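Our numbering applies: residue 34 is where the sequence shown begins, and numbers increase by one.
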Amino acid sequence: MMRSAEAVLTANSYYEHSVRRPLSHGALIGDMSADVAVVGGGLAGLSAAIDLRKRGFSVALLEAENIGWGASGRNGGQALAGLACDMSVIEGELGRDIARQVWDMSIEAIDLIHERRREYKIACDWQAGYLSGAVNAKKARELANSVESMQSRYGYQQALIEARAVRAWIDSPRFVALAHDPKCGHLHPLKYTLGLSRAAASQGASIFENTRVTAISRDGRGYLVHSRDGLVRARYVLLAGNVYLDQLAPRLRSRIMPVGTYIVATEPIAGPRANALIPSRAAICDTNFVLDYFRLSADDRVIFGGRVSYSTATPMNLAQSMRARMLTVFPQLDDVAVTHAWGGFVDITMNRAPDFGRATELGDDVYYLQGFSGHGLALTGLAGRIVAEAIAGSATRFDCFARLSHRRFPGGRLLRTPALVAAMAWYRLRDLL
Ligand SMILES: Cc1cc2nc3c(=O)[nH]c(=O)nc-3n(C[C@H](O)[C@H](O)[C@H](O)COP(=O)(O)OP(=O)(O)OC[C@H]3O[C@@H](n4cnc5c(N)ncnc54)[C@H](O)[C@@H]3O)c2cc1C
34 MMRSAEAVLT
44 ANSYYEHSVR
54 RPLSHGALIG
64 DMSADVAVVG
74 GGLAGLSAAI
84 DLRKRGFSVA
94 LLEAENIGWG
104 ASGRNGGQAL
114 AGLACDMSVI
124 EGELGRDIAR
134 QVWDMSIEAI
144 DLIHERRREY
154 KIACDWQAGY
164 LSGAVNAKKA
174 RELANSVESM
184 QSRYGYQQAL
194 IEARAVRAWI
204 DSPRFVALAH
214 DPKCGHLHPL
224 KYTLGLSRAA
234 ASQGASIFEN
244 TRVTAISRDG
254 RGYLVHSRDG
264 LVRARYVLLA
274 GNVYLDQLAP
284 RLRSRIMPVG
294 TYIVATEPIA
304 GPRANALIPS
314 RAAICDTNFV
324 LDYFRLSADD
334 RVIFGGRVSY
344 STATPMNLAQ
354 SMRARMLTVF
364 PQLDDVAVTH
374 AWGGFVDITM
384 NRAPDFGRAT
394 ELGDDVYYLQ
404 GFSGHGLALT
414 GLAGRIVAEA
424 IAGSATRFDC
434 FARLSHRRFP
444 GGRLLRTPAL
454 VAAMAWYRLR
464 DLL
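Written out as C-alpha cells, the structure reads:
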C-alpha cells in the first residue's frame with residue numbers, strides 16, 4: 034500500500050526532474066552467487082556495497098524500484114552531524130566513552146561524503162554551512178545551552194547568533210536566535226545517491242533494479258535471497274530497506290514507524306534575491322519537534338520541507354499547505370510559484386536513536402540498518418562503512434550502535450498510529466510554549 038501511495042510523491046520530486054538518470058540496471062533473472070546480498074538501493078545499501086567491494090567481497094545489490102527511489106533520492110539534502118536523538122540518550126544507555134565514539138563517527142559521516150565526492154568525482158552541489166534556528170525565547174535559551182554543552186562535552190564548535198544579528202544570516206521574521214555550524218552543509222541528494230551507485234558499480238558490485246526481494250531462506254551453506262525471477266545465494270545478507278521491508282522482516286518492522294514528511298521547491302528566484310534570503314546559503318532547520326527544514330538549491334530555488342503525517346496517504350493540498358508554511362518563514366516570497374511538491378517516509382524509532390544490528394530471527398549473518406529517524410543523509414554512509422567492517426570480522430564500531438536497546442511500537446501499525454498522533458499533538462503543543 035505504501036509503495037502505491039508514494040508513486041505521486043516521487044513523480045513530482047524536483048530532484049527527479051533535475052537529473053538525467055543513467056540507463057537502468059536490469060532486473061535479476063536466474064540464479065547467482067555473491068558473498069553479500071544487499072537489499073535496498075538507497076544510501077545505506079550503496080555505501081555498504083562500496084566498502085564491501087573495497088574489502089574484496091562480491092556484492093549483489095537488489096533494489097525493488099530504481100536506485101534512490103526511497104528517502105535517499107527525495108530528502109531535504111541536509112547533511113548533519115550527530116543523530117536524530119540527543120546525545121544524552123546515547124550517554125544514558127552506553128556511557129560517555131561510547132557516546133563519544135558515536136559522536137565521532139557521526140562527524141566521520143560528514144567527512145565520508147567529501148571523501149566519496151572526491152574519490153568518485155560526484156558532482157552533487159555541495160554547499161557548506163548549517164544554521165539551527167530558535168523560534169522563541171525559550172527555544173533560544175535551549176539552543177544556547179545545547180551549543181555550550183556540545184562545546185564542553187564534545188569539543189564541537191558552533192557560533193551562537195543572537196537576536197540582533199539574526200537578519201544578517203536569514204531574512205525572516207521567524208527566528209530569534211541561530212547557531213551556525215560550518216562543518217555541516219547540504220547537497221542534491223539524488224545526484225549524490227546516483228553518484229554512489231555509479232561508484233559501487235565501478236568497484237564491481239552487481240546492481241539490479243526492479244528486483245524486489247520476496248523472501249530470505251537458508252540452506253546448508255548460507256542464505257537464499259529470492260526475487261520474482263531470480264535468486265542470490267549469499268554468505269551474508271544486509272537489509273537496508275528503510276520502512277519498505279514489510280513482511281520480509283516483521284520483527285524489525287515493529288521497531289520503526291513510518292512517518293511522512295513533505296517538501297516543496299519554488300521556481301528559481303533571481304540570483305541576488307535568493308542570496309538575500311540566506312546570504313551564507315547555509316541549510317536551515319528550526320529546533321521544533323515537528324520541524325521546518327529548508328535551503329537554497331544550486332539553481333536558486335527554495336527547497337522547503339516540513340509537516341509530518343502518520344497515515345500513508347498523501348496529505349490533501351500538499352503544495353498549497355507547504356507553500357503557506359514557507360510564507361510564515363519568508364513572507365516576501367508571496368509572488369513566487371511552487372513548482373514541485375513531494376515527500377517520503379522516515380523510519381522513526383521510539384527513542385530516535387538509529388537501530389543497527391543482526392536480524393537473528395533470519396540468521397546470525399543477516400545484518401540490518403534502519404531507524405535513521407529523519408537524520409540519515411550523512412549517517413547512512415557511515416552505517417554502510419561499519420557494517421562492511423563487521424562483515425569483514427571487525428565489529429567494534431558497529432556494535433557501539435548494535436548495543437542500543439529499542440522498544441517495539443505496540444500493537445501493529447493500525448493501533449500504534451493513533452498513539453503516535455496523540456504523542457505528536459503533545460509535542461506540537463510544546464513547540465508553541
Ligand atoms: C522527505 C524526506 C526528507 C528528509 N530529509 C533529510 C535531511 O534533510 N537530512 C537527513 O539527514 N535525512 C533526511 N531524511 C532521511 C534520509 O533521507 C534517510 O534517513 C536515508 O535516505 C535512508 O536511507 P536508506 O538507504 O536507509 O533508505 P532508502 O533511501 O529509503 O532506501 C531503501 C530502499 O530499499 C528498497 N527496498 C525496500 N524493501 C526492498 C525489498 N524487499 N527488495 C528490494 N528493495 C527493497 C526501497 O525500494 C528503497 O529504495 C529525509 C527523509 C525524507 C523521506
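Here a beta-carbon is modelled for each residue, glycine too, at the ideal position from N, C-alpha and C.
Since this is a predicted model, take the numbers as computed values, not measurements.
### Task
Would you check if there are 3 or more beta carbon pairs closer than 8 angstroms linking the segment 256-273 to the segment 111-131?
no
### Query
CB-CB under 7 angstroms to Ser287, same chain, minus the five flanking residues each way: which ones, in chain order?
Mapped onto the sequence shown, residue 287 falls at position 254. Here the set comprises Arg441, Phe442.
### Message
Using the three-state DSSP reduction, which class does Leu310 fall into: helix, strand or coil?
### Response
The sequence position of residue 310 within the sequence shown is 277, counting from 1. Reduced to three states, the DSSP call for Leu310 is helix.
### Task
Rounded to whole angstroms, what's the CA-CA distance from Ala93 to Val69? Just pull it up for me.
Position 60 of the sequence shown, counted from the first residue, corresponds to residue 93. Position 36 of the sequence shown, counted from the first residue, corresponds to residue 69. Looking at the two C-alpha atoms, the distance is approximately 6 angstroms.
### N- and C-terminal bounds of the beta strand (DSSP E) containing Cys26
The shown model of the chain, from 34 to 466, leaves out residue 26, and the question about it has no answer.
### Query
Quick one, are the C-beta atoms of Cys433 and Val135 less than 8 angstroms apart?
Taking the sequence shown and counting its residues from 1, the one referred to as residue 433 is at position 400. Taking the sequence shown and counting its residues from 1, the one referred to as residue 135 is at position 102. In this structure, Val135 lies closer than 8 angstroms to Cys433 by Cβ.
### Message
Does Thr361 pass the burial test, meaning 16 or more other C-beta atoms within 10 Å, or should it be called exposed?
### Response
For the purposes of this step, residue 361 is taken as the residue at position 328 of the sequence shown. With fewer than 16 Cβ atoms within 10 Å of its Cβ, Thr361 is classed as exposed.
### Query
Straight-line CA distance for Thr247 to Leu281?
Locating residue 247 in the sequence shown gives position 214, where the first residue counts as 1. Locating residue 281 in the sequence shown gives position 248, where the first residue counts as 1. Rounded to the nearest angstrom, the two C-alpha atoms are 7 angstroms apart.
### Task
Would you decide whether Leu56 is buried or exposed? Buried here means 16 or more other CB atoms lie within 10 Å of its CB.
Working through the sequence shown from its first residue, we reach residue 56 at position 23. Classification of Leu56: exposed, given that the 10 Å Cβ count is below 16.
### Message
Let's see if you can read the secondary structure: which residues bound the beta strand (DSSP E) around Trp375?
### Response
The count along the sequence shown starts at 1 and reaches residue 375 at position 342. DSSP places Trp375 in the uninterrupted beta strand (DSSP E) bounded by 371-381.
### Query
From Pro215 to Arg356, what distance separates their C-alpha atoms?
Within the sequence shown, numbered from 1, the residue matching residue 215 stands at position 182. Within the sequence shown, numbered from 1, the residue matching residue 356 stands at position 323. The alpha-carbon atoms of Pro215 and Arg356 are separated by roughly 28 angstroms.
### Message
Would Gly162 and Gly218 qualify as a contact pair, given that the criterion is a beta-carbon distance under 8 angstroms?
### Response
Counting from one through the sequence shown, the residue named residue 162 turns up at place 129. Counting from one through the sequence shown, the residue named residue 218 turns up at place 185. Going by C-beta atoms, Gly162 is nearer than 8 angstroms to Gly218.
### Message
Extract the residue ranges of the beta strand (DSSP E) inside the segment 382-420, only unbroken runs of 3 or more that lie entirely within it.
### Response
Listed in chain order, the complete beta strand (DSSP E) runs (minimum 3 residues) inside the segment 382-420 are 388-391, 399-403.
### Message
Is the beta carbon of Ala273 closer than 8 angstroms to that of Leu402?
### Response
By one-based count along the sequence shown, residue 402 stands at place 369. By one-based count along the sequence shown, residue 273 stands at place 240. It is a contact, given that the beta carbons lie within the stated cut-off.
### Message
Tell me which residue opens and which closes the alpha helix (DSSP H) that Arg150 is part of.
### Response
By one-based count along the sequence shown, residue 150 stands at place 117. 120-152 is the extent of the alpha helix (DSSP H) around Arg150.
### Any 3 or more C-beta pairs closer than 8 angstroms across the segment 315-329 and the segment 374-389
no
### Query
Which residues in the same chain as Met65 place their Cβ atom closer than 8 angstroms to its Cβ, once the five residues preceding and following it in sequence are excluded?
For the purposes of this step, residue 65 is identified with residue 32 of the sequence shown, where counting begins at 1. So the qualifying residues of the chain are Ala93, Ser239, Gly263, Leu264, Val265, Arg266.
### Query
Using 8 angstroms as the threshold, is the segment 172-179 in touch with the segment 123-139, meaning 3 or more CB pairs across them?
no
### Task
Can you tell me which of Asn108, Ile123, Gln365, Thr393 puts its alpha carbon nearest to the alpha carbon of Ala411?
Taking the first residue of the sequence shown as 1, we reach residue 411 at position 378. Checking every option, the nearest Cα to that of Ala411 belongs to Asn108.
### Message
Restricting to Cα atoms, I'd like to know which of Phe208, Trp202, Pro222, Ile140 is closest to Glu49.
### Response
On the sequence shown, position 16 is the one that residue 49 refers to. When only C-alpha atoms are compared, the closest one is Pro222.
### Exposed unless 16 or more other CB atoms sit within 10 angstroms - verdict on Glu96
Against the sequence shown, residue 96 aligns to sequence position 63. Burial call: buried.
### Message
By DSSP's criteria, Ala267 is part of a beta bridge. Which residues make up the other side?
### Response
Here residue 267 refers to the residue found at position 234 of the sequence shown. Ala67, Tyr256, per the DSSP bridge assignment.
### Cutoff 8 angstroms: Gln191 Cβ touching any chain C Cβ
Protein chain content of the structure displayed is limited to a single chain, and chain C is not contained in it.
### Task
Compute the Euclidean distance between the alpha carbons of Arg418 and Gly253, then round it to the nearest angstrom.
Taking the first residue of the sequence shown as 1, we reach residue 418 at position 385. Taking the first residue of the sequence shown as 1, we reach residue 253 at position 220. The alpha-carbon atoms of Arg418 and Gly253 are separated by roughly 28 angstroms.
### Nearest to Asp397 (by Cα), restricted to the options Arg251, Ser182, Ala234
Within the sequence shown, residue 397 is the residue found at index 364, counting from 1. Checking every option, the nearest Cα to that of Asp397 belongs to Arg251.
#### Entry: Residues near Lys172 by beta carbon distance below 7 angstroms, same chain, minus five either side
Reading the sequence shown from its first residue, position 139 is the one you call residue 172. Excluding positions up to five away in sequence, the list reads Thr320.
### Query
Just curious, the alpha helix (DSSP H) that Ser165 is in, first and last residue?
For this step, residue 165 is matched to residue 132 along the sequence shown. Ser165 -> not in any alpha helix (DSSP H); beta strand (DSSP E) instead, spanning 160-167.
### Query
Per DSSP, Pro291 forms a beta bridge with which residues?
Counting from one through the sequence shown, the residue named residue 291 turns up at place 258. Looking at the DSSP assignment, Pro291 forms a beta bridge with Asp380.
### Query
Would the beta-carbon of Ser91 be found less than 7 angstroms away from any heavy atom of ligand 1?
Along the sequence shown, read from residue 1 onward, the residue named residue 91 stands at position 58. The answer is no for Ser91.
### Query
For Ala104, which of Gly407, Val122, Asp367 has the nearest alpha-carbon?
Locating residue 104 in the sequence shown gives position 71, counting from the first residue. Per the Cα distances, Gly407.
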